[in-house]
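Notes to accompany the following structure.
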Amino acid sequence: MDYHSDRFSDESYVVFNDHKPVALFPAHRRPDGDLASHDGLTYGGFLLMSNSHANQNLLYFHALLKFLHENGTRTIFFKQLPTFYCRESADEIDYALHLMNSEVYRADISTCISLHAYYRLPFQRRRLRMIGKALKQRLRIMEADDFEAFWDEILIPNLEERHGVKPVHTKEEIALLARRNPGFIRQFNVYDGEKILGGCTIFDTSTTAHVQYISANREGKSCGALDYLFKILIENQFASKAYFDFGIVNEQGGKKINTGLLDWKEGFGARAFVQRFYRIDTSACSSIIEAMR
Numbered sequence: 055m056d057y058h059s060d061r062f063s064d065e066s067y068v069v070f071n072d073h074k075p076v077a078l079f080p081a082h083r084r085p086d087g088d089l090a091s092h093d094g095l096t097y098g099g100f101l102l103m104s105n106s107h108a109n110q111n112l113l114y115f116h117a118l119l120k121f122l123h124e125n126g127t128r129t130i131f132f133k134q135l136p137t138f139y140c141r142e143s144a145d146e147i148d149y150a151l152h153l154m155n156s157e158v159y160r161a162d163i164s165t166c167i168s169l170h171a172y173y174r175l176p177f178q179r180r181r182l183r184m185i186g187k188a189l190k191q192r193l194r195i196m197e198a199d200d201f202e203a204f205w206d207e208i209l210i211p212n213l214e215e216r217h218g219v220k221p222v223h224t225k226e227e228i229a230l231l232a233r234r235n236p237g238f239i240r241q242f243n244v245y246d247g248e249k250i251l252g253g254c255t256i257f258d259t260s261t262t263a264h265v266q267y268i269s270a271n272r273e274g275k276s277c278g279a280l281d282y283l284f285k286i287l288i289e290n291q292f293a294s295k296a297y298f299d300f301g302i303v304n305e306q307g308g309k310k311i312n313t314g315l316l317d318w319k320e321g322f323g324a325r326a327f328v329q330r331f332y333r334i335d336t337s338a339c340s341s342i343i344e345a346m347r
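If you read the sequence shown in the working numbering, its first letter stands for residue 55, the second for the next number, and so on.
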C-alpha cells in the first residue's frame, strides 16, 4: 500500500495467535486522530482465515478492539467486507457490531451477479439489442498486457469530460499493483479493428470478479461495446466465479443513487447488495466477551 502513502497515514494491524497471523485489519489514521478502515483499498473490514471458527473470530476481533482502546483509540470508522468476497461466512463480526451498539453511519449499494444462483435474472432486451449492434460491427474483445491505451485514450478523457475528475489510480499505480499481484488485476478492451472503443479493469479474486473501472468513448457507447464486453466477461471469461461485482452505484457518501447506472448494471442481471459502514466505540468491546460467557 506504499504507492499511496502520500494520501493515507497507514496504520494496519495484524492479530496473532500462538505467533501465527490469524486476522488483518487494513486501516489508516485520519487527521482527526480516529482510525478508519483503509480508504485507499477497494476491500475493507476485518479479514479472517477461512478455516477459523466463529468463537475464535469473535475473540480475535475483541483482542484488536481492546488493544486499540488501551492504546488511545476511542473511535473506529469500520467498513464491513461485502459478504460475496468471503470464502466462508463471517457474519459473527456483524453480530459483534450489534452487541456493541455500533452505529451504521453509511451504506452503499453494490451491484453483483450471483453467477451460480438457482435463478438468475436474464439480460434485459435493451442490453441484448446493444450486444446485437456490437456483433454486427464485428467488434473484438482482447485482454491487454498493459493499461496505457485504456487509461490515456478512454478512461482519463471520459472522466475529465463527464465529471471533471481523474481516476483514483494513475496508470503507473495500477501497473505497479498488477506487477505486484500477477494475474489478479486484468485489463479487457473492446476494439473496432485496431481502434480501442472502451474497456474495463477487473480485480480477479478467488470468489469474485470485481469491476474497478468501466469506460467507453462515444463511438463505443453508441455501438454497444461495453454491453458486448460484459456479455463475454459474465458468460465466458468469469463464468466459473461465484460472483461478478459491478461495484457501487452511490454518490455523495452513499446519500444519492445514480439511478441510470443502477438500471444499466441491473440490465445484465445484477442485484443490489448493501455494504455497511459502522462507527465503533472501542470502549464497548467488553460486550463481546460478556456475550460468550
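Cβ atoms here follow ideal geometry from the backbone N, Cα and C, with glycine treated the same way. Bear in mind that the values here come from a model prediction, so they are computed numbers and not experimental data.
Which residues does DSSP pair with residue i in a beta bridge?
i                 : result
leucine 102       : Ala77
phenylalanine 238 : For phenylalanine 238, which the question treats as bridged, DSSP gives no partner whatsoever.
glycine 308       : DSSP lists no partner for glycine 308.
leucine 89        : Arg83, Ile130
phenylalanine 257 : Ile239, His264
serine 63         : Arg83
isoleucine 334    : Ile130
isoleucine 195    : Val244
With distances taken between CB atoms, is the gap from residue i to residue j smaller than 8 Å?
i                 : j                 : result
leucine 283       : phenylalanine 242 : yes
asparagine 111    : glutamate 142     : no
isoleucine 228    : isoleucine 210    : no
isoleucine 250    : phenylalanine 204 : yes
phenylalanine 345 : leucine 153       : For clarity, residue 345 is alanine in the given sequence; the question names phenylalanine instead. Yes; because the gap between Cβ atoms is below 8 Å, this pair is in contact.
cysteine 166      : tyrosine 297      : yes
leucine 280       : glycine 252       : yes
leucine 193       : tyrosine 245      : yes
histidine 264     : glycine 308       : no
arginine 174      : serine 168        : yes
glycine 336       : leucine 122       : Here residue 336 is threonine; the residue named in the question, glycine, does not match the sequence. The answer is yes: Cβ separation under 8 Å.
Would you identify the three-state DSSP class for residue i, choosing helix, strand or coil?
i                 : result
alanine 326       : strand
glutamate 142     : coil
alanine 293       : coil
alanine 269       : According to the sequence provided, residue 269 is serine. The question's alanine does not apply to it. Three-state result, serine 269: strand.
asparagine 71     : strand
asparagine 109    : helix
glutamate 248     : coil
cysteine 339      : helix
glycine 301       : strand
arginine 347      : coil
phenylalanine 201 : coil
proline 221       : coil
glycine 314       : helix
Apply the 10 Å Cβ neighbour rule to residue i and answer buried if 16 or more other Cβ atoms are within range, or exposed otherwise.
i                 : result
asparagine 105    : exposed
arginine 179      : exposed
lysine 74         : exposed
aspartate 299     : buried
glutamine 306     : exposed
proline 221       : buried
serine 294        : exposed
methionine 196    : exposed
alanine 324       : buried
serine 156        : buried
asparagine 235    : exposed
histidine 170     : exposed
isoleucine 343    : exposed
phenylalanine 138 : buried
Between residue i and chain C, is any beta-carbon pair separated by less than 8 Å?
i          : result
serine 294 : Protein chain content of the structure displayed is limited to a single chain, and chain C is not contained in it.
Does the Cβ of residue i lie closer than 7 Å to at least one heavy atom of the ligand PLP?
i          : result
lysine 309 : In terms of ligand content, the structure shown is empty, and the ligand PLP therefore cannot be addressed.
Could you tell me which whole beta strand (DSSP E) segments of length 3 or greater appear in the segment 143-193? 157-168
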